[in-house]
Each structure stands twice: as structure tokens, then as C-alpha cells.
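Novice:
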Amino acid sequence: MAFTDWYIEGNSFGNCNCGYACPCQFEEIPTHGNCRGFEVLEVTEGHFGDTDLSGTKAALLYAWPGPIFEGGGEMQVIVDSAATEAQRTALQRVFQGEETEEMATHWYVFRAMCDTLHDTLYLPIDLAMDIDARTAKVSVGDVLKSTGRPIQAPHGGGEHRVRIDIPGGIEFTIAEVGSASTRADTAINLDLIDSYGQWHTLKHGPSGVAQG
1 MAFTDWYIEG NSFGNCNCGY ACPCQFEEIP THGNCRGFEV LEVTEGHFGD
51 TDLSGTKAAL LYAWPGPIFE GGGEMQVIVD SAATEAQRTA LQRVFQGEET
101 EEMATHWYVF RAMCDTLHDT LYLPIDLAMD IDARTAKVSV GDVLKSTGRP
151 IQAPHGGGEH RVRIDIPGGI EFTIAEVGSA STRADTAINL DLIDSYGQWH
201 TLKHGPSGVA QG
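Quick note: the sequence shown uses full-length UniProt numbering, first residue 1, plus one each step.
#1: Can you give me the Cβ contacts of A193 inside the same chain, cut-off strictly under 8 Å, excluding the 5 residues immediately before and after it?
#2: For the beta strand (DSSP E) that Q92 lies in, which residues bound it at each end?
#3: Between which two residues does the alpha helix (DSSP H) containing V109 stretch?
#4: If contact is defined by three or more beta carbon pairs under 8 Å, each pair taking one atom from either stretch, is the segment 118-135 in contact with the segment 24-31?
#5: With distances taken between CB atoms, is the gap from M75 to F48 smaller than 8 Å?
#6: Does the beta-carbon of T51 have 16 or more other beta-carbons within 10 angstroms, so that it is buried, or is it exposed?
#7: Can you give me the Cβ contacts of K137 inside the same chain, cut-off strictly under 7 Å, excluding the 5 residues immediately before and after it?
#8: Could you check where the beta strand (DSSP E) with A184 kicks off and where it finishes?
#9: So is M103 buried or exposed if we call it buried at 16+ other beta carbons inside 10 Å?
#10: Assuming P184 and F38 form a contact by the criterion Cβ under 8 Å, report the distance between their Cβ atoms to the nearest whole angstrom.
#11: Looking at the structure shown, is V43 part of a helix, part of a strand, or coil, going by DSSP?
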């Protein structure tokens with residue numbers, strides 16, 4: 001099957017309700033048995049067919065009643081209102097796992113495991129992040145606010161740095177891990193406090209994570 005030629009590269013930040021060592025990354029049951037969270041991406045380089053996606057931003061909210069692989073979830077895409085109509089359409093299709101080889105990206109998997117796809121929202125997305133410093137501040141209209149910071153060891157000693165390395169992963173190969181908190185009031189509500197935070201440079205195309 002021929003897919004639209006697309007590529008997206010940019011810095012991504014996310015927060016879910018799991019503990020700092022997110023079990024999903026290790027093929028285990030989520031910390032609380034279910035999965036709720038969001039991710040946001042600022043595209044530094046990208047296109048969808050002839051549509052330039054550089055400088056665009058989008059977010060994805062998701063929730064499953066159990067582990068992701070059991071399905072029955074819901075998801076909602078939010079595209080920055082500054083995007084053009086063509087950019088909006090492109091980002092929505094990519095974030096919803098379209099124009100992608102089967103199981104090649106986490107977006108494809110998320111969509112396959114969701115029974116409910118809520119209407120896409122178009123809202124201003126303000127995002128500032130530093131991957132190496134594990135910091136982030138996100139505001140999406142008046143419906144979502146999120147912050148990220150380095151993990152602080154309970155016994156003191158300052159910031160703790162840890163990374164997850166997944167060769168052949170469908171979302172990233174290396175991600176920085178920290179602490180994040182998120183409040184969201186959309187079709188999917190979030191109230192996350194000091195739970196799993198994730199920072200990484202995302203590189204996706206129709207065949208999955210681009211290497212190099």
C-alpha cells in the first residue's frame with residue numbers, strides 16, 4: 001500500500017499517570033492498572049506531502065481503562081490554532097495513525113487500541129521545554145496546563161537523571177525521564193501530580209521511527 005510521503009521531527013514532552021519507571025515501557029501492567037496521559041510536540045522539521053509542517057504544534061490526550069494492549073480507550077487530538085487548514089488536516093491524520101504502516105508508530109497503536117475518537121480541537125498551544133534539563137511548561141488554551149521538572153531523590157542529593165533506551169522502539173529510541181503534573185479539562189480529563197514525565201526528540205515517518 002502506498003502512503004502519503006510524510007516526515008515529522010521535533011521535541012516532545014509527555015506525562016502519564018504511571019510512576020517514574022513507567023511499566024508500559026517495559027511491557028508490564030501500568031502502575032495503577034489503567035493509563036491516562038497526554039503528549040505535546042513542536043515540529044522543527046516536517047512535511048505531509050507538499051504541506052510544510054515546520055513550526056507547527058499538536059497535542060494528544062489519551063485514556064484506557066486498563067493496559068493499552070487491552071484496548072477500549074479514547075483519544076483526542078489538539079492542533080495549534082495557528083496552523084493552516086492543510087497543516088491541521090495533516091497533523092490530525094498523522095496523530096490519528098493514518099498514512100502509517102501497521103503498528104509502525106505509537107500513534108498507530110494508540111488509535112488501534114481506542115474505541116472512541118473525540119473531535120479534534122484547535123486551540124493555542126504554548127510550549128517551552130528543555131530536554132537535557134528535563135523541564136517543560138505547557139499551556140493549551142484554557143483546557144490544559146502541564147509542567148515538568150527533574151526527579152528529586154527522596155533522600156536528598158539534588159536532581160536525579162535517568163533515561164530509557166529502547167532500540168527499535170515505536171515512539172523513541174532514547175527518552176529522558178522526570179516528574180510531571182498535568183490538569184486537563186477536555187473530553188478526556190487529567191489530574192496528574194508528580195507522575196511519569198518523558199522528554200525526547202521524535203522522528204517519525206510512515207514506516208516508524210527514523211534512525212539517525
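Even glycine gets a Cβ: it sits at the ideal position worked out from N, Cα and C.
Specialist: In brief:
#1: Checking the displayed sequence, the identity of residue 193 turns out to be Ile instead of Ala. Hits under 8 Å: S181.
#2: Premise fails: Q92 lies in the alpha helix (DSSP H), 85-95, not in any beta strand (DSSP E).
#3: 106-112
#4: no
#5: no
#6: buried
#7: A128, T147
#8: 174-185
#9: exposed
#10: Note that residue 184 is Ala in the sequence shown here, rather than Pro. With 8 Å as the limit, A184 and F38 qualify as a contact, their Cβ atoms being about 6 Å apart.
#11: strand
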